[in-house]
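Everything below concerns the one structure shown next.
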Amino acid sequence: MRVQQRVPLTRANLPAARLSMVQATPAEVGTGPAIRSVTTVDAGGVPARLYRDGDDDAKPVVLYAHGGGWVMGGVDTHDGLCRHLAAESGWAVLSVDYRLAPEHPYPAPVDDMVRALTWLRGPEAPRHGLDPHRTAVAGDSSGGHLAAVTARRARDAGIRLAGQLLVCPVIDPTADYPALDEYGLDREEMRFFWDAFAPPGVDRTQPDLNPLRADLSGLPPAVVVTAEFDLLSAEGERYAAGLLAAGVPVTATRYQGLIHNFPRKLALFDAAHVALAQLAAALHRWSEEEP
Numbered sequence: 001m002r003v004q005q006r007v008p009l010t011r012a013n014l015p016a017a018r019l020s021m022v023q024a025t026p027a028e029v030g031t032g033p034a035i036r037s038v039t040t041v042d043a044g045g046v047p048a049r050l051y052r053d054g055d056d057d058a059k060p061v062v063l064y065a066h067g068g069g070w071v072m073g074g075v076d077t078h079d080g081l082c083r084h085l086a087a088e089s090g091w092a093v094l095s096v097d098y099r100l101a102p103e104h105p106y107p108a109p110v111d112d113m114v115r116a117l118t119w120l121r122g123p124e125a126p127r128h129g130l131d132p133h134r135t136a137v138a139g140d141s142s143g144g145h146l147a148a149v150t151a152r153r154a155r156d157a158g159i160r161l162a163g164q165l166l167v168c169p170v171i172d173p174t175a176d177y178p179a180l181d182e183y184g185l186d187r188e189e190m191r192f193f194w195d196a197f198a199p200p201g202v203d204r205t206q207p208d209l210n211p212l213r214a215d216l217s218g219l220p221p222a223v224v225v226t227a228e229f230d231l232l233s234a235e236g237e238r239y240a241a242g243l244l245a246a247g248v249p250v251t252a253t254r255y256q257g258l259i260h261n262f263p264r265k266l267a268l269f270d271a272a273h274v275a276l277a278q279l280a281a282a283l284h285r286w287s288e289e290e291p
């Protein structure tokens with residue numbers, strides 16, 4: 001199966017690349033199931049889309065960060081995925097439309113995620129049918145990086161999260177990427193993404209940019225999904241190993257024969273539905289634990 005060819009990334013054609021991702025979404029992701037409620041919310045000044053399914057009980061909620069190399073993607077490109085996650089898990093999903101680089105480089109996307117989490121923990125959340133005491137973070141690709149950083153920021157602020165779901169996450173700005181450019185994500189794109197998000201001159205050794213350099217103890221339980229034919233698989237698995245070594249409960253799964261960020265591409269890969277079921281199962285398990 002051939003994955004739609006993306007526009008090569010440069011600053012000059014970034015608007016075209018952003019449009020290409022949006023246009024490819026129906027074929028790659030599909031529309032997702034109809035669920036009870038999909039609303040736009042202001043999450044502490046950060047635009048977001050809230051998904052709720054099922055009954056009227058207060059829902060535990062997943063704070064979701066979309067992928068796209070910090071430079072593209074948004075709530076529309078991940079609408080189908082978030083619908084599926086809400087429907088299968090029973091959790092609400094708050095998909096954050098964080099500011100994009102290079103117009104808004106680090107720390108803007110991280111700050112937006114933290115502001116949305118703060119909003120979730122405040123008095124507004126119950127008014128939207130959310131349980132502020134049962135919160136998890138999740139993200140795919142660059143969104144996995146933002147989710148990992150947000151989990152650490154939450155720990156440092158004394159906020160207990162139920163867990164973190166990291167799907168094909170970007171982790172290591174120093175990685176020496178292998179030549180896997182035929183599989184949908186190449187080295188030059190990753191260099192472009194990092195340079196847009198953390199421009200030359202920014203200290204990329206700080207934990208907000210390189211989570212491998214952080215103190216990982218006391219972080220919430222994690223599910224880390226990687227793919228065989230993904231140049232990010234090694235760094236995601238190093239991060240899972242680091243979490244485990246720090247005493248964090250971790251489930252790390254490498255899906256064989258799959259490419260980068262396959263779980264988002266629910267209309268293309270049967271394995272995407274398997275991975276989604278794995279994420280939903282983790283949320284079911286975490287919802288049964290004491291907040």
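Residue numbering for the sequence shown follows UniProt numbering, beginning at 1 and increasing consecutively. Even glycine gets a Cβ: it sits at the ideal position worked out from N, Cα and C. Note that the structure is predicted; figures quoted are calculated from it, not measured.
Pairwise C-alpha distance: residue 51 and residue 39: Between the alpha carbons of residue 39 and residue 51 lies a distance of about 7 angstroms.
Residue environment, residue 133, which counts as buried when at least 16 other CB atoms sit within 10 Å: By the 10 Å Cβ count, residue 133 comes out exposed.
Residue burial classification, residue 13 (beta-carbon count within 10 angstroms, cutoff 16): Burial is judged here by how many other beta carbons sit within 10 angstroms of a residue's own beta carbon; residue 13 has fewer than 16 and is exposed.
Anticipated Cβ contact below 8 angstroms, residue 223 with residue 278, distance rounded: 7 angstroms between Cβ atoms; contact.
Residue range of the unbroken alpha helix (DSSP H) whose run includes residue 111: Residue 111 -> alpha helix (DSSP H) spans 108-120.
Of the residues 49, 36, 88, the one placed nearest residue 274, counting alpha carbons only: Nearest option by C-alpha distance: 88.
Pick from 23, 37, 231, 45 that is closest to residue 73, judged by C-alpha positions: Here the closest residue by C-alpha is 23.
Limits of the unbroken alpha helix (DSSP H) element including residue 142: Looking at the DSSP string, the run of the alpha helix (DSSP H) that includes residue 142 is 142-156.
Inter-residue spacing [alpha-carbon to alpha-carbon] between residue 99 and residue 145: So the alpha carbons of these two residues sit roughly 15 angstroms apart.
Start-end ranges of the alpha helix (DSSP H) lying completely within the segment 8-39, minimum 4 residues: Complete alpha helix (DSSP H) runs here, min 4: 14-28.
Coarse secondary structure for residue 233, derived from DSSP in three states: Helix.
Cut-off 6 angstroms between Cβ atoms - residues of its own chain near residue 255, not counting five sequence neighbours on either side: So the qualifying residues of the chain are 227, 271.
Sequence-distant residues of the same chain with beta carbon closer than 6 angstroms to residue 162, five excluded per side: Correct list, in chain order: 134, 136, 286.
When 43, 250, 102, 46 are compared against residue 18, the one with the closest alpha-carbon: Considering only 43, 250, 102, 46, the residue with the shortest C-alpha distance to residue 18 is 102.
DSSP-derived helix/strand/coil call for residue 238: Helix.
Cα-Cα separation, residue 236 to residue 169: Their backbone Cα atoms lie some 6 angstroms apart in a straight line.
Endpoints, the alpha helix (DSSP H) within which residue 275 is located: Counting along the chain, residue 275 sits inside the alpha helix (DSSP H) bounded by residues 270-287.
Residue from 83, 200, 158 whose Cα sits closest to the Cα of residue 266: It is 83 whose Cα lies nearest to the Cα of residue 266.
Terminal residues of the alpha helix (DSSP H) in which residue 89 lies: From DSSP, the alpha helix (DSSP H) with residue 89 extends over 79-89.
Extent of the continuous alpha helix (DSSP H) run through residue 187: Residues 187-197.
Minimum C-alpha distance to residue 48 - residue among 253, 70, 116: With distances taken between Cα atoms, residue 48 lies closest to 116.
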